[in-house]
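Q: Everything in the sequence shown is counted per the working numbering, starting at 785 for the first residue and increasing by one.
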Amino acid sequence: MTEKAGRPSDATAQSDSPPRHGAPMVEEVTDFEVLEIALRELAIEKGLFTAEDHRRYTEFFEQLGPVPGSRLVAKAWCDPSYRQLALDDPIAACKEVGVDWLRPTGFGTPSDFTARHILEDTPTLHHVIVCTLCSCYPRPLLGNSPEWYRTPNYRRRIVRWPRQVLGEFGLHLPEGVEVRIEDSNSKHRFAVLPVRPAGTEDWSEDQLAEIATRDCLIGVALPTPGITANADRPVHPAAHPIDGGK
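(1) Ignore the nearest five residues each way along the sequence and tell me which others in Pro1086's own chain have a CB closer than 8 angstroms to its CB.
(2) Go ahead and label Gly1028 buried or exposed: buried means 16 or more other beta carbons lie within 10 angstroms of its beta carbon, across all protein chains shown.
(3) Can you list, in chain order, the residues of its chain whose CB lies under 7 angstroms from that of Arg934, leaving out five sequence neighbours each side?
(4) Count the other CB atoms within 10 Å of the CB of Ile875; is the residue buried (16 or more) or exposed (fewer)?
(5) Relative to the C-alpha of Val963, which residue among Tyr841, Val1004 and Leu886 is closest?
(6) Reducing DSSP to helix, strand and coil, say where Asp999 ends up.
(7) So what's Thr814 in DSSP terms, helix, strand or just coil?
(8) Let me know if Ala993 comes out buried or exposed under the rule of 16 or more other beta-carbons within 10 Å of its beta-carbon.
(9) Count the other C-beta atoms from every protein chain shown that fall within 10 angstroms of the C-beta of Trp885, then say buried if there are 16 or more, exposed otherwise.
(10) Starting from the C-beta of Pro983, find all residues in its chain whose C-beta is less than 7 angstroms away, skip the five residues before and the five after it, and write them out in chain order.
(11) With distances taken Cα to Cα, identify the nearest neighbour of Arg947 among Asp990, Leu909 and Glu989.
(12) Rank Cys862, Pro852, Ala858 and Ala899 by C-alpha distance to the C-alpha of Cys878 and give the top, closest one.
(13) Indicate the three-state DSSP secondary structure (helix, strand or coil) for Pro808 in the structure shown.
(14) Can you have a look at Pro907 and say buried or exposed, based on whether 16 or more other CB atoms are within 10 angstroms of its CB?
(15) Going by DSSP, which residues form a beta bridge with Thr906?
(16) Going by Cα to Cα distance, which pick from Pro922, Glu904, Gln868 and Asp990 is closest to Lys971?
(17) Starting from Ala975, trace the beta strand (DSSP E) in both directions and tell me its first and last residue.
(18) Quick check on the DSSP output: the beta strand (DSSP E) that includes Arg923 runs from which residue to which?
(19) Helix, strand or coil: how does DSSP classify Ile821 here?
(20) When burial is assigned at 16 or more other CB atoms within 10 Å of the CB, is Asp905 buried or exposed?
(21) Does the distance from the C-beta atom of Ile965 to that of Val883 stay below 8 angstroms?
(22) Alpha carbon to alpha carbon, how far is Glu817 from Tyr938? Give it in angstroms, no decimals.
(23) Got a sec, what are the start and stop residues for the alpha helix (DSSP H) Val857 sits in?
(24) Would Asp997 and Ala975 be called neighbours here (beta carbons separated by less than 8 angstroms)?
(25) Going by the CB atoms, is the gap between Pro1007 and Pro981 shorter than 8 angstroms?
(26) Give the DSSP-derived three-state secondary structure of Ala1022 in the structure shown.
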């Protein structure tokens, strides 16, 4: 087929176009995905990072899990001096379980969320973390946030009806226990240090780390001997559901 005058062939047009990196191979994308692609391409074009940097960063975060956070909790349960370090200097405590909070990936620019906080539970105080604006989360320590953590139902309801929402996770706290909600943001990230359960006095750190699950470090569950996975905890229907637009 003859090309019309003044119209380059597809091959010529493609060769003159700037290279694109990692466009999703799907039939349609959301507005957020379009925005992410545009920002990523602009950042690469301006030299803020390379396509290879982006690939390595993505792969790093996709493989993250809550293991460092579980180890931090177990170590704090077993070692009083380390527990005090975790409360006084969480960044230093994180390094001892393999997380350099300033450079969590080991490459690229330093992290800017340098204010880390470990929230210690007591028999009369229970902490829960949330990000009411978006989904700020200590990923290097707890891995990627669960889907429910990012939903409007959790973000809006946990600060209004904390006991009811915790009850939907199967966690029913006595009336004498104060529930304190901590709202994270882009600079301040939190993790919960739960109360060590009775009957684990002779357990090793490895055994304790198994029951210090992600949900326990968020505050929607309590560490319980025999429960080593978040999937083992039932999630009940919402008592006060919130519509997406409200």
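Note that CB positions come from ideal geometry on N, CA and C, so glycine has one too.
Predicted model only: the values in this text are computed from it and were never measured.
A: In short:
(1) No statement about residue 1086 is possible, as the shown extent of the chain runs from 785 to 1030 and does not include it.
(2) Low per-residue confidence applies at Gly1028: pLDDT is 49, beneath 50, and the placement is therefore not dependable enough to give any value.
(3) Within the same chain, Arg934 has close Cβ partners Ser919.
(4) Ile875 is exposed by the Cβ-count criterion.
(5) Measuring from the Cα of Val963, the nearest candidate turns out to be Val1004.
(6) In the structure shown, Asp999 adopts helical secondary structure according to DSSP, grouped into three states.
(7) Thr814 carries a coil assignment under DSSP once its states are collapsed to helix, strand and coil.
(8) Buried: at least 16 other Cβ atoms inside 10 Å.
(9) Classification of Trp885: buried, given that the 10 Å Cβ count is 16 or more.
(10) The sequence shown places Gly at residue 983, rather than the Pro named in the question. Short of 7 angstroms from the beta carbon of Gly983, and not among the five residues preceding or following it, lie these beta carbons of its own chain, in chain order: Pro1009.
(11) Taking only the C-alpha atoms, the option nearest Arg947 is Leu909.
(12) When each option's Cα is compared against that of Cys878, the closest is Pro852.
(13) Note on Pro808: pLDDT 49, under 50, position unreliable in the model; no value is reported.
(14) Exposed is the call here.
(15) Paired residue(s): Leu909.
(16) Looking at the Cα atoms, Pro922 is the closest of the given residues.
(17) Ala975 -> beta strand (DSSP E) spans His972 to Leu977.
(18) First-last for Arg923: Arg923 to Leu926, but that is the alpha helix (DSSP H), not the beta strand (DSSP E).
(19) Of the three classes helix, strand and coil, the one that applies to Ile821 here is helix, per DSSP.
(20) With 16 or more other Cβ atoms from the protein chains shown falling within 10 Å of its own Cβ, Asp905 counts as buried.
(21) Not closer than 8 angstroms, so no.
(22) Looking at the backbone, the Cα of Tyr938 and that of Glu817 are separated by about 23 angstroms.
(23) Element bounds for Val857: Val851 to Cys862.
(24) Residue identity check: residue 997 is Thr in the sequence provided, not Asp. Cβ distance not < 8 angstroms, so Thr997 and Ala975 don't count as in contact.
(25) For the pair Pro981 and Pro1007, the CB atoms are nearer than the 8 angstroms cut-off.
(26) Coil, per DSSP.
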